[in-house]
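S.K.:
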Amino acid sequence: MRTIIAFFFAMLVAMLMAQSVVSEENQHPDVFDIEYPAVFRHVANEAESAVAPAARSCTNHICHRLCRALYYRTGRCISSTVCRCTR
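Residue numbering for the sequence shown follows the numbering used here, beginning at 13 and increasing consecutively.
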């Protein structure tokens with residue numbers, strides 16, 4: 013009987029611990045705006061030369077790559093200087 017109670021208690025503790033673990037996905041907000049033009053120039057410097065001339069402002073390609081690097085699903089420019097990352 014004691015082994016059954018100990019097993020039940022261990023399973024209960026394991027289930028509670030599994031529910032309390034916070035995933036990385038839950039730590040990020042659903043929408044994240046990046047408002048710094050210097051970020052786009054830095055990403056362009058790391059990118060291939062075909063993308064670099066167009067990176068003086070936000071482009072959807074660079075915005076999407078930046079958001080994917082930050083573990084968001086997609087990224088789109090909402091202005092020439094703001095990239096919006098969304099889940």
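Glycine residues also receive a C-beta, built at the ideal position from the N, C-alpha and C atoms. Quick caveat, the model's predicted, so the values are computed rather than measured.
Going by alpha carbons, who is nearest to Leu82 out of Asp42, Thr93 and Ser92?
M.R.: Asp42
S.K.: Classify Ser91 as buried or exposed, calling it buried when 16 or more other Cβ atoms lie within 10 Å of its own Cβ.
M.R.: Under this definition Ser91 is an exposed residue.
S.K.: Skipping 5 residues on each side, what residues in its chain have a beta carbon closer than 6 Å to that of Ile46?
M.R.: Cys95
S.K.: Are Asn72 and Cys97 touching if we call contact CB-CB under 8 Å?
M.R.: No, they are not a contact pair.
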